[in-house]
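Accompanying notes for the structure given below.
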Amino acid sequence: TEMDIGVAGLGVMGRNLALNISDKGFSLAVYNRHSDPVKAFAAHAQGREVAACTTVEEFTRSLKRPRKILMLVKAGIGVENTIAALKPHLQEGDILVDAGNEHFAVTERRERELSAAGIRYFGMGVSGGELGARNGPSMMPGGERAAYEALAPILTKIAAQHADGPCVAYMGPGGAGHYVKMIHNGIEYGDMQLIAEAYDVLKTIGGLSNDELAEAFSAWNEGELESYLVQITAHIFTVRDPEGQGQLLDAILDASSMKGTGTWTVEDAASLNAAIPTIASAVDARVLSSDKAGRLRIAKILAGPDPKDAGRVLAGFDRKALIDAVRDALYASKLCSYAQGMNLLRLASRERKWNLDLPEIARIWQDGCIIRARLLSRIKAAFAGDPELPNLLLDPSLAKDLAGRQTGWRKVVALAAEAGIPTLATSASLSYYDTLRRERLPANLVQAQRDFFGAHTYKRLDREGDFHTDWSATS
Ligand code: NDP
Numbered sequence: 003t004e005m006d007i008g009v010a011g012l013g014v015m016g017r018n019l020a021l022n023i024s025d026k027g028f029s030l031a032v033y034n035r036h037s038d039p040v041k042a043f044a045a046h047a048q049g050r051e052v053a054a055c056t057t058v059e060e061f062t063r064s065l066k067r068p069r070k071i072l073m074l075v076k077a078g079i080g081v082e083n084t085i086a087a088l089k090p091h092l093q094e095g096d097i098l099v100d101a102g103n104e105h106f107a108v109t110e111r112r113e114r115e116l117s118a119a120g121i122r123y124f125g126m127g128v129s130g131g132e133l134g135a136r137n138g139p140s141m142m143p144g145g146e147r148a149a150y151e152a153l154a155p156i157l158t159k160i161a162a163q164h165a166d167g168p169c170v171a172y173m174g175p176g177g178a179g180h181y182v183k184m185i186h187n188g189i190e191y192g193d194m195q196l197i198a199e200a201y202d203v204l205k206t207i208g209g210l211s212n213d214e215l216a217e218a219f220s221a222w223n224e225g226e227l228e229s230y231l232v233q234i235t236a237h238i239f240t241v242r243d244p245e246g247q248g249q250l251l252d253a254i255l256d257a258s259s260m261k262g263t264g265t266w267t268v269e270d271a272a273s274l275n276a277a278i279p280t281i282a283s284a285v286d287a288r289v290l291s292s293d294k295a296g297r298l299r300i301a302k303i304l305a306g307p308d309p310k311d312a313g314r315v316l317a318g319f320d321r322k323a324l325i326d327a328v329r330d331a332l333y334a335s336k337l338c339s340y341a342q343g344m345n346l347l348r349l350a351s352r353e354r355k356w357n358l359d360l361p362e363i364a365r366i367w368q369d370g371c372i373i374r375a376r377l378l379s380r381i382k383a384a385f386a387g388d389p390e391l392p393n394l395l396l397d398p399s400l401a402k403d404l405a406g407r408q409t410g411w412r413k414v415v416a417l418a419a420e421a422g423i424p425t426l427a428t429s430a431s432l433s434y435y436d437t438l439r440r441e442r443l444p445a446n447l448v449q450a451q452r453d454f455f456g457a458h459t460y461k462r463l464d465r466e467g468d469f470h471t472d473w474s475a476t477s
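Take 3 as the starting number for the sequence shown in the UniProt record's numbering and just add one per residue.
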């Protein structure tokens with residue numbers, strides 16, 4: 003048999019993507035390291051044109067040449083082992099795609115190593131979770147362009163279908179695809195933390211119940227904040243606890259975990275001198291939350307306002323006004339976070355000569371992926387209108403949005419500070435905004451200090467050149 007494409011790895015993502023591929027009329031071969039998932043898939047896929055293979059020999063033999071294989075296995079050691087198992091059975095021209103969340107630099111190393119054997123190694127980010135994989139994800143493929151062209155007839159069919167076209171596009175050479183997926187996830191961290199802070203302010207300061215929170219978030223999802231994450235959040239507030247009384251959300255341990263893409267985003271931003279304070283704060287917030295036992299010990303020692311009395315800071319500011327202010331703060335903060343993510347994409351593209359197409363990236367994020375949101379069509383339009391736009395916030399219509407949301411945004415950050423409610427990401431966004439708009443920053447003092455202790459020199463406002471002063475001798 004000559005199957006169109008192979009899927010190696012039948013975890014959550016692999017088996018759902020395989021069914022999606024089959025639905026679109028392509029024949030496929032599937033393989034998994036342990037054979038139970040293969041058997042389960044075969045049983046589930048009866049009547050479909052599927053070769054369910056328990057050995058790599060059988061799997062690679064069933065594929066049309068040049069072979070196209072999508073690997074959906076655990077990043078790192080899982081991909082390493084799968085490549086090692088497949089490689090002896092692959093030939094020149096075969097396309098091997100890592101469709102998991104791998105670090106872009108690792109993908110580039112593997113691309114180099116496998117090119118020696120003529121194997122076209124390819125990195126592709128896939129977003130949308132289980133449902134996205136099953137019904138249409140957003141995909142961010144990167145590597146050799148000709149390899150993309152060979153995959154495109156399948157990828158464009160299985161992707162989420164948006165009015166602007168299928169949510170897949172060639173991102174660029176090397177690790178560009180995995181890089182764009184990494185930034186997608188960094189932005190996702192920012193969105194999730196900003197939403198969590200909005201929840202905390204409304205619940206702790208505003209005293210909103212879960213039902214009232216569900217109502218507020220549902221209303222937001224009808225407007226400019228319309229997005230998958232706001233929509234699922236509204237739903238989460240309504241879910242009853244299957245194990246006990248009340249709502250499930252209230253029974254969940256407040257310590258978040260993560261798998262790495264957020265941290266990678268922060269590391270790469272630092273290496274490129276890119277400022278992403280909102281996204282970095284979102285990663286920090288997860289790290290700080292994760293040690294619940296440690297937090298409980300510290301909570302006994304550090305003084306501050308009692309969250310139980312947080313409502314007092316409202317002092318006459320009514321609940322309706324608070325909900326609107328939090329909505330404005332969330333929207334403005336989110337916009338700043340996207341500006342940071344897009345800026346990082348631009349810097350990385352310049353540094354690594356990827357030639358990333360920012361409007362096209364915003365386009366394929368409009369559906370299928372976790373960060374899909376109404377705002378992305380505005381972002382797409384902003385970069386399409388001015389590809390040289392140095393910062394998303396400089397787009398006139400988005401800048402106007404931010405201007406209109408100042409009052410609520412500042413009010414929320416001020417109320418939270420007064421009540422002792424942390425807003426790491428919301429305040430980081432506001433400070434990012436204020437830093438960008440400030441004509442004069444206190445960086446003059448930093449330069450003076452650097453010159454004082456390290457003779458690092460400084461520039462002057464009124465004259466050209468580099469200056470150094472013997473500060474301790476001068477007064
Ligand atoms: P997992 O990340 O849990 O990977 C499961 C697959 O990896 C199985 O086929 C498993 O084989 C194989 N595997 C695990 N460890 C090894 C190993 N040491 N050596 C060889 N194979 C191994 O499954 P997911 O479907 O969740 O994710 C697949 C990829 O997609 C990951 O990179 C993930 O980060 C990414 N992703 C996941 C999303 C999600 O919502 N889950 C969303 C977007 C991307 P076996 O069954 O034999 O153990």
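All residues carry an ideal CB built from backbone N, CA and C; glycine is no exception.
These figures come from a predicted structure and were not determined experimentally.
Looking at C-alpha atoms only, which residue of the options is the closest neighbour of residue i?
| i | options | result |
| --- | --- | --- |
| Tyr33 | Val58, Ala271, Ile23 | Val58 |
| Gly138 | Ser129, Glu146, Leu204, Arg242 | Ser129 |
| Lys183 | Gly370, Gly120, Trp222, Ile197 | Gly370 |
| Arg112 | Ala271, Gly95, Leu133, Ala86 | Ala86 |
| Pro398 | Thr428, His105, Gly410, Arg380 | Arg380 |
| Ile207 | Pro309, Phe43, Leu394 | Pro309 |
| Lys174 | Glu362, Thr459, Asn446 | The residue you asked about is not Lys; residue 174 is Gly in the sequence shown. Taking only the C-alpha atoms, the option nearest Gly174 is Glu362. |
| Val448 | His164, Phe61, Ala317, Thr459 | Thr459 |
| Ser140 | Ile373, Glu420, Asp403 | Ile373 |
| Ala152 | Arg69, Ala221, Ile234 | Arg69 |
| Phe124 | Gly176, Ala401, Asp286, Gly78 | Gly176 |
| Pro39 | Pro143, Ala20, Ala135, Gly167 | Ala20 |
| Arg136 | Leu116, Ile160, Arg114 | Ile160 |
| Ala305 | Val414, Gly422, His180, Asp256 | Gly422 |
| Ala198 | Asn393, Ser335, Glu269, Leu133 | Ser335 |
| Val99 | Ala331, Gly192, Gly179 | Gly179 |
| Pro279 | Tyr191, Leu377, Asp202 | Tyr191 |
| Ala47 | Asn345, Lys76, Leu12, Leu438 | Leu12 |
| Ser339 | Arg314, Val415, Tyr434 | Tyr434 |
| Glu60 | Lys76, Ser37, Ile79, Gly80 | Ser37 |
| Tyr181 | Pro244, Leu443, Thr267, Lys261 | Thr267 |
Check whether the Cβ of residue i sits closer than 7 Å to any heavy atom of the ligand NDP, and report yes or no.
| i | result |
| --- | --- |
| Pro292 | Pro is not the amino acid found at residue 292; the sequence shown has Ser there. Checking every heavy atom of the ligand NDP against the Cβ of Ser292, none is found closer than 7 Å. |
| Met184 | no |
Quick check on residue i: buried or exposed, where buried means 16 or more other Cβ atoms within 10 Å of its Cβ?
| i | result |
| --- | --- |
| Phe469 | exposed |
| Gln342 | buried |
| Gly406 | exposed |
| His237 | exposed |
| Leu92 | buried |
| Pro90 | exposed |
| Leu72 | buried |
| Ile325 | buried |
| Phe455 | exposed |
| Arg452 | exposed |
| Thr109 | buried |
| Leu347 | buried |
| Asn275 | exposed |
| Leu298 | exposed |
| Asn357 | exposed |
| Leu196 | buried |
| Ser431 | buried |
| Ile156 | buried |
| Thr428 | buried |
| Pro168 | buried |
Compute the minimum distance between the beta carbon of residue i and the heavy atoms of the ligand GDP, and state whether it is under 7 Å.
| i | result |
| --- | --- |
| Leu391 | The ligand GDP is absent from the structure shown, which contains only the ligand NDP. |
Under 8 Å between C-beta atoms, does residue i make it to chain B?
| i | result |
| --- | --- |
| Gly306 | Among the chains of the structure shown, chain B does not appear; only one protein chain is present. |
Check your understanding: Along the chain, which unbroken stretches of the beta strand (DSSP E) at least 3 residues long are found entirely within the stretch 12-83?
Key -> 30-33, 52-55, 70-73
**Study point:** Check your reading: residues with Cβ closer than 5 Å to the ligand NDP heavy atoms
**Key:** Gly11, Gly13, Val14, Met15, Asn34, Arg35, His36, Leu74, Val75, Lys76, Ala77, Ile79, Gly80, Asn83, Gly102, Asn103, Gly131
Review point. Along the chain, which unbroken stretches of the alpha helix (DSSP H) at least 4 residues long are found entirely within the stretch 349-392?
Key: 360-366, 377-387
Exercise for review: Please specify which runs of the alpha helix (DSSP H), each continuous and at least 4 residues long, are wholly inside the stretch 158-186, giving them in chain order.
Suggested key: none
Point to revise | Those runs of the beta strand (DSSP E) which lie wholly inside the stretch 203-268 and span at least 3 residues | key: none
Exercise for review: Could I get the ranges of all uninterrupted alpha helix (DSSP H) runs contained in the stretch 413-458, with 4 residues as the minimum, in chain order?
Suggested key: 426-439, 445-456
Point to revise | Segments assigned beta strand (DSSP E), at least 3 residues, entirely inside the stretch 83-151 | key: 97-100, 122-129, 140-144
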